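Report on the following structure.
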Amino acid sequence: MMNRLRPRQLVTAIRARTGCRPFSGIAASVASAARPSEESSTNEASKAPPPVEVYLNPICQQMDSKLRKLTTTEEVLTAIITHRGVMFVQNLVTAMEMLAHTVDDEAGHLVDVTRKGRHLMDQVMSAAVEDKETRKNMLVNDLTKDARYKLLLRDIGEYADSLDTRAIADVLGSLQSLGHRQFTLCGKLLRTLYKPGLSVDSLHTMLEIAGGLQWMGFIRAHKFYASLALAVSRAPGLTMEEIGLGMRAFGRLESVHPLFFEKVSSLVLQNDGKTLVPGLSLELITSLAIGFSKHRFPAHDSVILACADYLANNIEEFAEKDMFKEMIAIVAALDNHQLAHPTAMTKVLHSCVPVAKEGLTWGEPMGHVIGLSSFGDLLQACANFSVGEALAHYSPIIEYMVEHVDYVQEDTAIKALWATCLMPELQSRHEYGMTLLLRKLCSGTGWESEKLRVGWMWICQAIDFPYVDHLIPKVFAADCIREWIKSREGYSVPFAFLCEELSKVLTAYEIPHETCVHIEDTPYVADIVLTEGIQKRAIVILSEFSRNTDEPIGSAAIQVRHMKERGWHVIALNSRRCREMLEGLNSSSLQALMARVHREEPLTFFTNKGHVRYKEEEDVHRLVA
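So, in structure tokens, the structure goes:
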């Protein structure tokens, strides 16, 4: 019966309509398909019309019409068996599409009383949406166990060489709609894309395929993605939808493809290179920020900062459409790229705090418009850059997460605890809440990818809040501390070579100093301690700095704070800039360092009443006496 399956019968008609010809290579084929697009890159009106299917065989057309009239999953599965002998490969693809459509349709038959709006009184989201998702998962689970569905996948895989790019995109889209990753089938489809004589439908179709393959887990298919990136760079323009498809694909790959990102950057930025072109949708701006921040490529800074500028200037537009998660995603992109933007972060924090307070009032975590995981991203990003006030802005969000701690995942708990480590004012305020969040730590596998951060949390607990009852289990703590020691390359300073070279420079300037001095009651070692004067002054070389403001962030900010609390005046140096300075590439930084070394700073002592500054030397001696 399998011998009666025929190849797909619309290659000639598709080529006649789109002008696609077989080329020896994906890049040449896609470039040919993209050549007719000459209009504006971000104008949705320039989107090409959807392909019109032309059938050269009446039996194939009749079979397609019959499949598209079916309304239930069972009817489609039955037709796969009863009409299998007269099915073309095109009909197999149509059957796959109809299965995805009918499963989604059957899952949506439940009464859905969801109404848009941020007020929880206007939403009854939890029951209906959760049941809908659960119902779809159950239907997909039953479908994947059905022998008829497995037979359909096997048939498509056997005739994968006969598929064109539009059919491949439809198959991948259907699998993605079902949430069913079929690696064997996708591997065969990927090999089909490598065929020299492949006919390409359009650039839009190839970007759909790239997104589907990325979702399937093919994030290292360098040949395909590199060829597609080259084709995109040669295209005269892209529509908004094509840019969004490309960002979802290339923004999640393991390696960066500069050609694609350079093309998109030239299309979405104005001539000044700092402002987004008008007419971009809010969803596309969010996709740009997420995609450009994935690889931490310095050339992507301008697009991310432009997205943050747009967010800061149009925060009300995001809030009116309840796009709080999108706002937080842009802030998280800034954090991922280590770019400071206090204005955007502060405005997002101010917008989300009332939502957290409302969640505390009504107590509904699952139907909330932001969600616990997004709150965790917001806390981590803003705390890393010390944005906002601890008690006014962070405390309500921490209280909301503690109120619904049963639903907090381990990675979200790590982000919330990281914020409390960076904001010491939160530690005494939320002692009980930190105990509950600490119990989430090491309860799963999320801590394994955050060993270094958990090691810093263990240090902060030992120094800042030893009064919190729950401790990180010793087995996990030992592993995390080992990771912390490895990150610093031992128990001494993390950049021993830079410390030695900087010491030679200070010696040449006749500045008395000592190297590698242990800071009492801490695990830290200061690179340089200046011995002149009565002040305790130290130069520490750290790596975690904001790349556009050169201020210590994250773990570097924690170390600087711990040293300041013990009476040290800290001169924090960025390891990258310090290396440039010592190599003679940045003389201005060396001059600024010498000015700071020779300048006497007001002494700061930490008392029960807070920060007390003493400028006169006799006041210091009187205080010590």
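Residue numbers for the sequence shown follow the UniProt record's numbering, so the first one is 1 and each next one is one higher.
C-beta: ideal position from N, C-alpha, C; glycine also.
Since this is a predicted model, take the numbers as computed values, not measurements.
- CA-CA distance, residue 565 to residue 536, rounds to 12 Å.
- DSSP, read as helix, strand or coil, puts residue 528 in strand.
- Setting aside the 5 residues that flank it on each side, residue 530 is surrounded in the same chain by 511, 512, 513, 537, 538, 539 and 597, each with a C-beta closer than 8 Å to its C-beta; the list follows chain order.
- Under the DSSP definition of a beta bridge, residue 552 partners with 545.
- Distance from the CA atom of residue 275 to the CA atom of residue 311, rounded to whole angstroms, is 12 Å.
- Secondary structure of residue 71 (DSSP, three-state): coil.
- Here residue 357 carries a helix assignment [DSSP, helix/strand/coil].
- Contact annotation: the stretch 549-556 does not touch the stretch 512-526, with fewer than three C-beta pairs closer than 8 Å.
- Of the residues assessed, residue 502 falls on the buried side of the cut-off, its CB having 16 or more other CB atoms within 10 angstroms.
- As a beta-bridge residue in DSSP terms, residue 570 pairs with 538.
- Burial check for residue 62: the Cβ neighbour count within 10 Å stays below 16, so the residue is exposed.
- Between residue 381 and residue 70, the alpha-carbon positions lie close to 49 Å from each other.
- By the C-beta density criterion, residue 90 is buried, having at least 16 other C-beta atoms within 10 angstroms.
- DSSP places residue 493 in the coil class of the three-state scheme, outside both helix and strand.
- With a contact defined as Cβ atoms closer than 8 Å, residue 438 and residue 417 qualify at about 7 Å.
- Taken atom to atom, the span from the alpha-carbon of residue 140 to that of residue 182 is near 13 Å.
- The count of Cβ pairs closer than 8 Å, one atom from the stretch 236-249 and one from the stretch 278-296, reaches three, so the stretches are in contact.
- In the structure shown, the three-state DSSP call for residue 276 is strand.
- Nearest neighbour of residue 58 by Cα position, chosen from 86, 77 and 79, turns out to be 86.
- In the structure shown, residue 269 falls within a strand segment according to DSSP collapsed to helix, strand and coil.
- Non-local C-beta neighbours of residue 343 in its own chain, meaning closer than 7 Å and more than five positions away in sequence, comprise 312, ordered along the chain.
- Pairing residue 319 with residue 351, the inter-Cα distance amounts to about 7 Å.
- Closest in alpha carbon position to residue 151, among 92, 475 and 67, is 92.
- For residue 517, DSSP records a beta bridge to 526.
- For the options 433, 373, 387 and 426, the alpha carbon positioned closest to that of residue 410 is the one of 373.
- When 591, 449, 329 and 67 are compared, the shortest CA-CA separation from residue 506 is found for 591.
- Here residue 582 has 501 as same chain residues with Cβ atoms under 6 Å from its own Cβ, once five neighbours each way along the sequence are excluded.
- For residue 155, the number of other beta carbons within 10 angstroms of its own is at least 16, and it is reported as buried.
- Looking from the CA of residue 287, the closest CA among 307, 64, 256 and 396 belongs to 307.
- With 16 or more neighbouring CB atoms inside 10 Å of its own CB, residue 458 falls in the buried class.
- Its chain contains 242 as the residues whose beta carbon lies nearer than 6 Å to that of residue 204, once the 5 sequence neighbours on both sides are disregarded; these appear in chain order.
- In the three-state scheme derived from DSSP, where H, G and I count as helix and E and B as strand, residue 385 is classed as coil.
- One Cα belongs to residue 386, the other to residue 246, and the distance between them is close to 34 Å.
- Residue 318 carries a helical assignment under DSSP once its states are collapsed to helix, strand and coil.
- Here residue 315 is not near residue 289, since their CB atoms are 8 Å or more apart.
- Between residue 260 and residue 292, the beta carbon gap of about 11 Å keeps them out of contact (Cβ cut-off 8 Å).
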